[in-house]
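Worksheet: one structure, shown below.
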Amino acid sequence: MQGEDVERQRPTHAHELERDWMHTSIEVRTRGRGMHEVTSDVRAAVRSSGVREGLCVVFLRHTSASLVVQENADPSARRDLERFFDRLAPDGDPVYEHDAEGPDDMPAHIRAAVTRTSETFIVTGGDLLLGTWQGVFLFEHRHAPHRRRLDLRVIAEA
Amino acid sequence: MQGEDVERQRPTHAHELERDWMHTSIEVRTRGRGMHEVTSDVRAAVRSSGVREGLCVVFLRHTSASLVVQENADPSARRDLERFFDRLAPDGDPVYEHDAEGPDDMPAHIRAAVTRTSETFIVTGGDLLLGTWQGVFLFEHRHAPHRRRLDLRVIAEA
Amino acid sequence: MQGEDVERQRPTHAHELERDWMHTSIEVRTRGRGMHEVTSDVRAAVRSSGVREGLCVVFLRHTSASLVVQENADPSARRDLERFFDRLAPDGDPVYEHDAEGPDDMPAHIRAAVTRTSETFIVTGGDLLLGTWQGVFLFEHRHAPHRRRLDLRVIAEA
Chain A
0 MQGEDVERQR
10 PTHAHELERD
20 WMHTSIEVRT
30 RGRGMHEVTS
40 DVRAAVRSSG
50 VREGLCVVFL
60 RHTSASLVVQ
70 ENADPSARRD
80 LERFFDRLAP
90 DGDPVYEHDA
100 EGPDDMPAHI
110 RAAVTRTSET
120 FIVTGGDLLL
130 GTWQGVFLFE
140 HRHAPHRRRL
150 DLRVIAEA
Chain B
0 MQGEDVERQR
10 PTHAHELERD
20 WMHTSIEVRT
30 RGRGMHEVTS
40 DVRAAVRSSG
50 VREGLCVVFL
60 RHTSASLVVQ
70 ENADPSARRD
80 LERFFDRLAP
90 DGDPVYEHDA
100 EGPDDMPAHI
110 RAAVTRTSET
120 FIVTGGDLLL
130 GTWQGVFLFE
140 HRHAPHRRRL
150 DLRVIAEA
Chain C
0 MQGEDVERQR
10 PTHAHELERD
20 WMHTSIEVRT
30 RGRGMHEVTS
40 DVRAAVRSSG
50 VREGLCVVFL
60 RHTSASLVVQ
70 ENADPSARRD
80 LERFFDRLAP
90 DGDPVYEHDA
100 EGPDDMPAHI
110 RAAVTRTSET
120 FIVTGGDLLL
130 GTWQGVFLFE
140 HRHAPHRRRL
150 DLRVIAEA
């Protein structure tokens, strides 16, 4: 579904005596404001790393998009979350000074501040540890489509 | 106090030449909406890991509960935080579409989105590094009691 | 600019056969409520660690200050973020019970709950991986100046 919007960087592997790590990045082309699920992309990167037990850090290099781990079964939960943020930090609020890039400029920074820039996951049995209904989402806060880069670092414990 | 509500999984240890890690999980039986302190449970897991210097990642496999690190001296701070979230994301808000599990279904996802799914702690001297007044809390967002699972991964640096 | 307000602790290094880690702390003397950029301090610590590839965990031992990664080019974005939080959690709100330390006591805990206590960064090429416009900020939530301690743990993968 989102495959065509996601580009994977050729990963860097480091296999040493007892350790293992991988760095890769995923480029997501967003279609404007909203949540873009990247669970399968993060999962694929972890599997391809060959790391069995360890950690996976996802870091987003942007200040007008962010990360959230959310319910991924029912799309209505995503729509409601977007409505919540529309009300929490409305576009064009007269209180904002910072609007050089438009009425959705400052709301984007606010949404990013109250969600996340990095998320740390546990890797076990060669896969991402997630609850049954948990999905990893890139949350685009600008109305215009953007190219966003997610950096993934997988480190092994053993 | 909360001892009877918390179950610890038998941890998996991996002692190798120079490294060490432990995975364990803690099951918390919540009594409904509110903050449940798990500091002593996380601390006990870190101590039992034998790891002296490293990191401890706590990951919550749920989307209607979350993690917060908060003031643990005065229970009134917890009550106020709950009141804040009651106002921020009220139950039964007519703006929500997603209410299959009741009027506290979507507010639970919103509260989780603006708090945390994972938290990374520093381990030093065999113990969790925390400020004097900091406690680790599982924040239950549903009114009904739930069984919640916290996954803990302790990794050693040396 | 902020150099005089920041004190660095003598770091602890551990160079072993294949691993490397460093722990240090940065003391920031805040001038009251607002965002204090610590990007160059965190960056300097990472560089001095000698770690080329790894992770850097920043942990804040306080419950009335927090961490945010935000736009660092335009100071108006910081001012707007402060205005947003002033409205989200106003001082002296009659709903608060917890006001032993004044009308900014509970708002400080709320702001900390919806931003971050720890942040995990990727270290690559001996430096912190950050987007062009990303800065790391200590967010002071109390009006009075405070001494705040940031703990930094840099771990190497190889």
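Protein chains in written order, with my numbering: chain A, 0 to 157; chain B, 0 to 157; chain C, 0 to 157.
Ideal Cβ positions, reconstructed from N, Cα and C, are used throughout, including at glycine.
Collapsing the DSSP output to three states places T123(A) in a strand. By the 16-neighbour rule on beta-carbons within 10 angstroms, V94(A) is exposed. Take Q69(C), set aside five residues on each side of it, and the residues of its chain with a beta-carbon closer than 8 Å to its own are M34, A76, R77, L80, Q133, G134 and F136, in chain order.
Looking at the DSSP output, G33(C) sits in a beta bridge with E139(C). Cβ-Cβ distances below 6 Å link S48(B) to M21 and V153 in the same chain, with the five nearest sequence neighbours on each side left out; the list follows chain order.
Here DSSP, grouped into helix, strand and coil, assigns D73(B) to coil. By the criterion of a C-beta distance shorter than 6 Å, I121(C) is surrounded in its chain by L128, once the five residues flanking it on both sides are discounted. Burial of A64(C) is indicated by the presence of at least 16 other C-beta atoms within 10 angstroms of its C-beta.
Assignment of E100(B) by DSSP, reduced to helix, strand and coil, places it in the coil class. Per DSSP, the continuous beta strand (DSSP E) segment holding T23(C) begins and ends at D19 to R28. The beta carbon of V122(A) does not come within 8 Å of any beta carbon belonging to chain C, so the residue lies off that interface. Taken through DSSP and simplified to helix, strand or coil, L54(B) comes out as strand. At a cut-off of 8 Å, the C-beta of I154(A) has a neighbouring C-beta in chain C.
Sorting P144(B), R30(B) and C55(B) by C-alpha distance to the C-alpha of D40(B) places C55(B) at the top. According to the DSSP assignment, A88(C) belongs to no alpha helix (DSSP H), since it is labelled neither H nor E.
Residue contact check for D73(A) against chain B: a CB pair falls below 8 Å. For the region 91-123 of chain B, residues whose beta-carbon sits nearer than 7 Å to a beta-carbon of chain C comprise V113, T114, E118, T119, F120, I121 and T123.
Note that the C-beta distance between R146(A) and E26(A) is below 8 Å. Residues of chain C whose Cβ lies closer than 7 Å to the Cβ of A76(B) are, in chain order, H97, M105 and H108.
A111(C) sits buried, since 16 or more C-beta atoms from the chains shown fall within 10 Å of its C-beta.
Proximity of chain A to W20(B) at the Cβ level (cut-off 9 Å) is accounted for by E52, G53, E156 and A157, in chain order. Using a Cβ-Cβ cut-off of 8 Å, T23(B) does not count as an interface residue toward chain A, since no Cβ of chain A sits closer than that to its own.
When DSSP reads this structure, V68(B) sits in a beta bridge with V135(B). Of the candidates R46(A), D19(A) and T38(A), the residue whose Cα lies closest to the Cα of G124(A) is R46(A).
Here E81(A) carries a helix assignment [DSSP, helix/strand/coil]. Here R30(A) is exposed, its C-beta having fewer than 16 other C-beta atoms within 10 Å. The DSSP-derived three-state label of S117(B) is strand.
Relative to R32(A), the option among F58(A), A43(A), P89(A) and G53(A) whose CA is nearest is P89(A).
With a threshold of 8 Å between beta carbons, R60(B) makes contact with chain A. Beyond the five residues adjoining it in sequence on each side, M105(A) comes within less than 7 Å, by CB distance, of Y95, H97 and D98 in the same chain, given in chain order. Taking the beta carbon of A44(A) as reference, no residue of chain C falls within 9 Å; the closest one sits roughly 14 Å away. Per DSSP, the unbroken alpha helix (DSSP H) holding V45(A) starts and ends at T38 to S48. R28(C) and G53(C) have their C-alpha atoms spaced approximately 29 Å apart. Beta-bridge annotation (DSSP): L59(C) is paired with L149(C). With fewer than 16 other Cβ atoms from the protein chains shown falling within 10 Å of its own Cβ, E100(C) counts as exposed. Counting only residues of its own chain and dropping the five nearest sequence neighbours on each side, A107(A) has a CB closer than 6 Å to the CB of S63, H140 and R141.
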